[in-house]
Amino acid sequence: MTEEPPRPSRSPDPDRPAEPPPSAAHPHAEPDFLAAVREDLTDWRQWLARTVVLSFAVAAGLAVVLFTWVSDVAINGFAALRAWSPWAPLIWTPCCTAALVWITRRFAPGAAGSGIPQVMAALSPRVGPAHQGLFVSLKLSVSKLLLVSGGLLGGLAIGREGPSVQIAAGVMQHAQRWLPKRSPLNHDGLLVAGGAAGIAAAFNAPLAGVMFAIEELTRKIEQRSSGLIIAAIVLSGLMAVSVFGNASYFGRLRVDQLTWSHLLPGLLTALGCGLLGGVFSRLLQRSLLGGNDRFSRLRARYPVRFAFSCGVAIAVIGLVSQGATDGSGYEYTRRLVEGHLDLPVLYVTLRIIATWLAVWSGVPGGIFAPSLAIGAGIGSDIAQLTHTTEGAAVMIAIGMTAFLAAVTQAPVTAFIIVMEMVDGHSMVLSLMAAALLASVVSRWISIPIYHRLAQAQLARLPDPNPDGARALSKTVHL
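One point on numbering: in our numbering, the residue at position 262 of the sequence shown is 262, and numbering is uninterrupted.
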């Protein structure tokens with residue numbers, strides 16, 4: 001048998017993926033230290049990718065910082081309006097709500113809702129590069145910033161944390177065009193990093209951003225890009241820390257040593273938040289997705305008029321509660337965290353209704369901060385009903401964790417966000433148990449809200465017609 005002549009060597013193709021190093025081809029082989037160091041230090045593509053990603057991570061963090069500042073200005077502006085005349089919101093809030101819904105539907109339908117479902121929809125395999133702009137883009141980031149701030153200026157009970165996810169993701173995904181072709185970080189990795197960076201910067205909690213990426217945006221992170229993604233998330237969070245200081249978002253909860261006297265009230269708080277949070281999540285989904293009831297038909301046919309009516313109801317609730325239901329509830333939550341338990345009568349009930357109406361109206365806004373405010377109120381109420389006011393901080397922490405976990409069904413993220421506020425580690429296991437218990441109870445009542453709304457967002461994708469043309473399906477305003 002004759003030997004085959006040697007094949008001619010081929011010149012390396014610059015667009016062809018590089019051959020894996022020996023350690024990658026043989027995963028059980030020990031790495032060559034010098035070769036690995038040389039490859040890591042001399043590959044300009046890796047360094048370019050890292051520089052681009054981290055630069056855009058800084059930009060995403062600064063975008064959330066800007067969003068925070070504008071939102072605070074808007075909240076203070078509405079507070080000044082109420083101080084000038086308690087009756088002024090009866091006109092201002094409905095008009096503002098109707099105007100924002102009209103602008104959203106006319107110019108930026110992709111900016112509706114909290115923003116988290118849009119980022120999750122953009123990660124779907126069904127969404128091609130040509131349709132990414134329907135869910136995440138720089139234009140939508142700017143629109144989201146202005147529209148949510150407008151809602152807070154109108155006194156609506158919405159939050160800015162969920163919208164921060166879409167804003168940061170819109171900035172981060174723009175890095176795609178600057179990455180080299182063989183970069184280990186793809187478009188989905190950029191969206192995950194950006195969305196998680198939004199949570200990290202919004203709450204001054206980088207660890208919460210990392211867990212949010214794993215728990216909500218993706219079930220796994222590729223090993224080859226995990227370090228760069230985590231670095232981007234942490235760097236974005238550091239932008240908020242550098243501006244606002246290394247302080248917790250809602251202040252510090254000072255919790256003494258837990259005793260057996262906290263067991264029953266804590267269990268009641270976790271179960272109550274789980275039940276109420278599950279019902280609240282189901283109510284939001286039913287309201288946003290619509291049905292055959294009269295109100296859903298009115299919302300679909302006359303969205304601006306419907307938003308105006310919601311604004312009237314929100315303004316009346318704000319007047320009755322003397323402003324306790326205005327905005328995201330940050331001030332009242334911070335007062336509870338600091339130990340001031342003087343809540344208005346029916347605070348929890350009125351805030352739930354005000355948040356539901358604000359979301360149902362169609363104005364862009366999130367539910368993270370309102371959920372934390374509601375949970376804190378529930379914990380405070382149970383502490384007073386069970387005569388454990390000395391341990392009210394324990395119930396407030398459990399309530400915040402449990403209600404947020406029940407509404408979002410993201411127990412690990414909820415636990416970490418609240419854990420950042422607790423001064424000491426005595427409540428770590430208690431908060432974990434409360435988050436898991438409330439999340440389980442909520443799943444008996446409602447399916448995960450963000451996943452369901454993300455599926456509804458995919459209805460906005462163009463579908464092919466029988467004649468070959470493509471038409472945009474009806475817009476889902478979530």
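No residue lacks a Cβ here, since even glycine has one placed at the ideal position from N, Cα and C.
Computed from a predicted model, the values in this text were never measured in an experiment.
Based on the DSSP secondary-structure assignment, which residues constitute the bridge partners of G366?
On the sequence shown, residue 366 is found 366 positions in, with the first residue counted as 1. Answer is G159.
In whole angstroms, give me the CA-to-CA distance for G274 and S442.
Reading the sequence shown from its first residue, position 274 is the one you call residue 274. Reading the sequence shown from its first residue, position 442 is the one you call residue 442. If you take the alpha carbons of G274 and S442, they lie about 5 Å apart.
Helix, strand or coil for K139 per DSSP?
Within the sequence shown, numbered from 1, the residue matching residue 139 stands at position 139. In this structure, K139 counts as helix in the three-state DSSP scheme.
Given a cut-off of 8 Å, decide if A202 and L190 are closer than it, judged by their beta-carbon atoms.
Locating residue 190 in the sequence shown gives position 190, counting from the first residue. Locating residue 202 in the sequence shown gives position 202, counting from the first residue. For L190 and A202, no; Cβs fall outside 8 Å.
Does the beta carbon of T388 come closer than 8 Å to any beta carbon on chain B?
The question asks about chain B, but that chain is absent: this structure has only one protein chain.
Leaving out the 5 sequence neighbours to the left and right, which residues in its chain are closer than 8 Å to V73 when beta-carbon positions are compared?
Within the sequence shown, residue 73 is the residue found at index 73, counting from 1. S149, listed in sequence order.
Could you compute how far the alpha carbon of A169 sits from the alpha carbon of W260?
Walking along the sequence shown from the start, residue 169 turns up at place 169. Walking along the sequence shown from the start, residue 260 turns up at place 260. In a straight line, the C-alpha of A169 is about 44 Å away from that of W260.
Roughly how many angstroms separate the alpha carbons of T386 and L258, rounded to a whole number?
Position 386 of the sequence shown, counting from 1, holds the residue named residue 386. Position 258 of the sequence shown, counting from 1, holds the residue named residue 258. Computed Cα separation, rounded: 16 Å.
For I91, the first and last residue of its enclosing alpha helix (DSSP H):
One-based indexing of the sequence shown puts residue 91 at position 91. 89 to 107 is the span of the alpha helix (DSSP H), which, as asked, contains I91.
The stretch 355 to 365 / the stretch 275 to 285 touching (three or more Cβ pairs under 8 Å)
yes
Collapsed DSSP secondary structure at Y302 in the structure displayed:
Looking up residue 302 in the sequence shown gives position 302. Three-state DSSP puts Y302 in coil, outside helix and strand.
Excluding the 5 residues flanking L264 on each side, which residues of the same chain have their C-beta closer than 6 Å to its C-beta?
Residue numbering aside, residue 264 sits at position 264 when the sequence shown is read from its first letter. Result list for L264: empty, nothing under 6 Å.
Buried or exposed, going by whether 16 or more other CB atoms sit within 10 Å of the CB of E338?
Start at 1 with the first residue of the sequence shown, and residue 338 comes out as number 338. With fewer than 16 other Cβ atoms within 10 Å, it is exposed.
Same chain only: Cβ atoms within 8 Å of L268, ignoring 5 sequence neighbours per side
Looking up residue 268 in the sequence shown gives position 268. Cβ neighbours of L268 beyond the five flanking positions: I382, T386.
Tell me whether N204 is buried or exposed, calling it buried when 16 or more other Cβ atoms sit within 10 Å of its Cβ.
Along the sequence shown, one-based indexing puts residue 204 at 204. The residue is buried, with at least 16 neighbouring Cβ atoms inside 10 Å.
Do the CB positions of L140 and A99 come within less than 8 Å of each other?
Taking the sequence shown and counting its residues from 1, one reaches residue 140 at position 140. Taking the sequence shown and counting its residues from 1, one reaches residue 99 at position 99. Contact flag unset, no.
Just verifying my parser: in three-state terms, what is the DSSP assignment at K144?
As a first step, residue 144 is located in the sequence shown; it is residue number 144 there, counting from the start. Helix, per DSSP.
Could you tell me which uninterrupted alpha helix (DSSP H) segments, each at least 4 residues in length, are contained entirely in the stretch 311 to 380, listed from first to last along the chain?
330 to 337, 347 to 361
Going by alpha carbons, who is nearest to E420 out of G327, D342, R252?
Here residue 420 corresponds to residue number 420 of the sequence shown, with the count starting at 1. Cα-wise, what sits closest to E420 is R252.
Assigned secondary structure, Q409 (DSSP; H/G/I helix, E/B strand, else coil)
Counting from one through the sequence shown, the residue named residue 409 turns up at place 409. Of the three classes helix, strand and coil, the one that applies to Q409 here is coil, per DSSP.
Apply the 10 Å Cβ neighbour rule to H451 and answer buried if 16 or more other Cβ atoms are within range, or exposed otherwise.
Locating residue 451 in the sequence shown gives position 451, counting from the first residue. Exposed is the call here.
Any contact between the stretch 81 to 95 and the stretch 340 to 355? By contact I mean 3 or more CB pairs, one from each, below 8 Å.
no
Can you give me the Cβ contacts of L410 inside the same chain, cut-off strictly under 6 Å, excluding the 5 residues immediately before and after it?
Translated into the one-based positions of the sequence shown, residue 410 becomes position 410. Rather than Leu, the amino acid found at residue 410 in this sequence is Ala. E215, E216, listed in sequence order.
By alpha-carbon positions, which one of M172, G154, G195, G155 ends up nearest to G162?
Position 162 of the sequence shown, counted from the first residue, corresponds to residue 162. For the residues M172, G154, G195, G155, the minimum Cα distance to G162 belongs to G195.
Among S426, V279, A300, the one whose alpha carbon lies nearest that of I445:
Counting from 1 along the sequence shown, the entry for residue 445 is found at position 445. I445 has its Cα closest to that of V279, out of S426, V279, A300.
Where A83 and A324 are concerned, what is the direct C-alpha to C-alpha distance, given to the nearest angstrom?
As a working note, residue 83 is residue 83 in the sequence shown. As a working note, residue 324 is residue 324 in the sequence shown. Going from the Cα of A83 to the Cα of A324 covers about 13 Å.
DSSP three-state call for R126: helix, strand or coil?
Residue 126 sits at position 126 when you count from the first residue of the sequence shown. It is coil, neither helix nor strand.
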